[in-house]
Amino acid sequence: MPSSAGTSGRRPWIVGVSGASGTPYAAAVLRALLAAGEAVDLVVSRAARLTLLDETGAPFRDAHWRADLTGWLEQGADGKPGVFTVATGDAVRYWPAGDLGAGPSSGSYPAKGMLIVPASTAAVAGVALGLSKDLLQRTASVTLKERRPLVVAVRESPLTGPTLRHLVALDEAGAVVAPASPAFYAGARDLQQLVDFVAGRVLDAAGVPHALYRRWDGELGAAARLDGHS
Numbered sequence: 001m002p003s004s005a006g007t008s009g010r011r012p013w014i015v016g017v018s019g020a021s022g023t024p025y026a027a028a029v030l031r032a033l034l035a036a037g038e039a040v041d042l043v044v045s046r047a048a049r050l051t052l053l054d055e056t057g058a059p060f061r062d063a064h065w066r067a068d069l070t071g072w073l074e075q076g077a078d079g080k081p082g083v084f085t086v087a088t089g090d091a092v093r094y095w096p097a098g099d100l101g102a103g104p105s106s107g108s109y110p111a112k113g114m115l116i117v118p119a120s121t122a123a124v125a126g127v128a129l130g131l132s133k134d135l136l137q138r139t140a141s142v143t144l145k146e147r148r149p150l151v152v153a154v155r156e157s158p159l160t161g162p163t164l165r166h167l168v169a170l171d172e173a174g175a176v177v178a179p180a181s182p183a184f185y186a187g188a189r190d191l192q193q194l195v196d197f198v199a200g201r202v203l204d205a206a207g208v209p210h211a212l213y214r215r216w217d218g219e220l221g222a223a224a225r226l227d228g229h230s
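Start counting the sequence shown at 1; every next residue gets the next number (this note's numbering).
Structure below.
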């Protein structure tokens, strides 16, 4: 685990990756944050490691987190390796999910806010109920109590009554609920573009600039024309 020394002047976005399906969304958000010059603190839940391995074949190990992270972020949404070139450098810090004494567990730790991408229903419930069963939930609770931005990209279908009530509770607590729902008006023609749309909407909610998707300009059919379709 990286040392917490030398944090003066550094205010990262904290990215929490839960065990829900949708690890390509998290990868797209992380790449865009780094491209925007943002510092990132990363928390990957134990369940997320299993999902990541299942969806991408990539492991995520505490002792080799930097190499594993780079390999993951360089994959495309279809799992093809080497699609992106990513240099994490000193911009990323990783905190194990079981480390409840980690920097982000305290409100005095400087942070811009937190993005949970993707957010499982279990993570949603834990945060809504104020639980701290792991660092991801604890950091989300800290983010809310400090009135910092919290964006929750829930990824589940269909949604049950309890989960809907938990999402309303998060909204009332000040979080932004941003379902991982791709749209098609941006002219997406492949899987990566659909993933990037969701990642872009998460970053929009956080106020982070990006160029992940074509924005709506009020002109019907513009996406099709840009792609050469009549």
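For glycine and all other residues, C-beta sits at the position ideal for the given N, C-alpha and C.
How far does the alpha helix (DSSP H) with residue i in it reach, from first residue to last?
| i | result |
| --- | --- |
| G200 | L191 to A206 |
| Y25 | T23 to A35 |
| R66 | W65 to L73 |
Please work out which residues of its chain come closer than 7 Å, Cβ to Cβ, to residue i, disregarding the five sequence neighbours upstream and downstream, and give them in chain order.
| i | result |
| --- | --- |
| A36 | V208, P209 and H210 |
| H166 | V124, A125 and A128 |
| S230 | With a pLDDT of 45 at S230, under the threshold of 50, the modelled position of this residue cannot be trusted; read the value that follows with caution. Nothing listed; no residue qualifies. |
| G130 | S141 |
Under 8 Å Cβ to Cβ from residue i, same chain only, skipping five residues before and after it: list those, please.
| i | result |
| --- | --- |
| Y25 | V117, P118, A153, R155, A180, V195, V198, A199 and V202 |
| R215 | A186 |
| P81 | G71, E74 and Q75 |
| P162 | A125 |
When you compare only the Cα positions, how much space is there between residue i and residue j?
| i | j | result |
| --- | --- | --- |
| A133 | E146 | Position check: residue 133 holds Lys in this sequence, whereas Ala was assumed. Cα to Cα, the separation comes out at about 19 Å. |
| A77 | V151 | 21 Å |
| G6 | S120 | Residue confidence for G6 is low, a pLDDT of 43 falling below 50, so the modelled location carries little weight; the figure read from the coordinates is stated next. Spanning the two alpha carbons is a distance of roughly 33 Å. |
| P96 | A183 | 33 Å |
| E219 | A205 | 23 Å |
| G79 | T85 | 14 Å |
| T70 | A28 | 12 Å |
| A23 | Q75 | The question names Ala, but residue 23 in the sequence shown is Thr. Rounded to whole angstroms, T23 to Q75 spans 11 Å at the Cα level. |
| D190 | V83 | 14 Å |
| L144 | A169 | 12 Å |
| P12 | D171 | 23 Å |
| T88 | R66 | 8 Å |
| G19 | A122 | 9 Å |
| A188 | G221 | 13 Å |
| Q137 | R46 | 12 Å |
| A178 | A111 | 20 Å |
| D62 | D217 | 44 Å |
| P158 | H64 | 36 Å |
| M115 | Q192 | For the sequence presented, residue 115 should be read as Leu rather than Met. Going from the Cα of L115 to the Cα of Q192 covers about 20 Å. |
Flag this pair as yes or no: are the beta carbons of residue i and residue j separated by less than 8 Å?
| i | j | result |
| --- | --- | --- |
| L34 | V15 | no |
| G113 | R148 | yes |
| S295 | T51 | It is not possible to answer for residue 295, since the shown part of the chain is limited to 1 through 230. |
| F60 | D68 | yes |
| S105 | T160 | no |
| A58 | W72 | yes |
| L164 | A32 | no |
Who are the near neighbours of residue i in its chain, counting only those whose CB is closer than 6 Å to its CB and skipping five residues on each side?
| i | result |
| --- | --- |
| R10 | A39 |
| V17 | A26, V44 and A48 |
| V142 | G107 |
| V176 | V151 and A205 |
| A173 | L144 |
From what residue to what residue does the beta strand (DSSP E) around residue i run?
| i | result |
| --- | --- |
| D41 | V40 to V44 |
| W13 | W13 to V17 |
| A119 | G113 to A119 |
| V92 | V92 to Y94 |
Enumerate, from N- to C-terminal direction, the unbroken beta strand (DSSP E) stretches of 3 or more residues contained entirely within the segment 130-177. Entirely contained in the segment 130-177, the beta strand (DSSP E) runs reaching 3 residues are, in chain order, 150-154.
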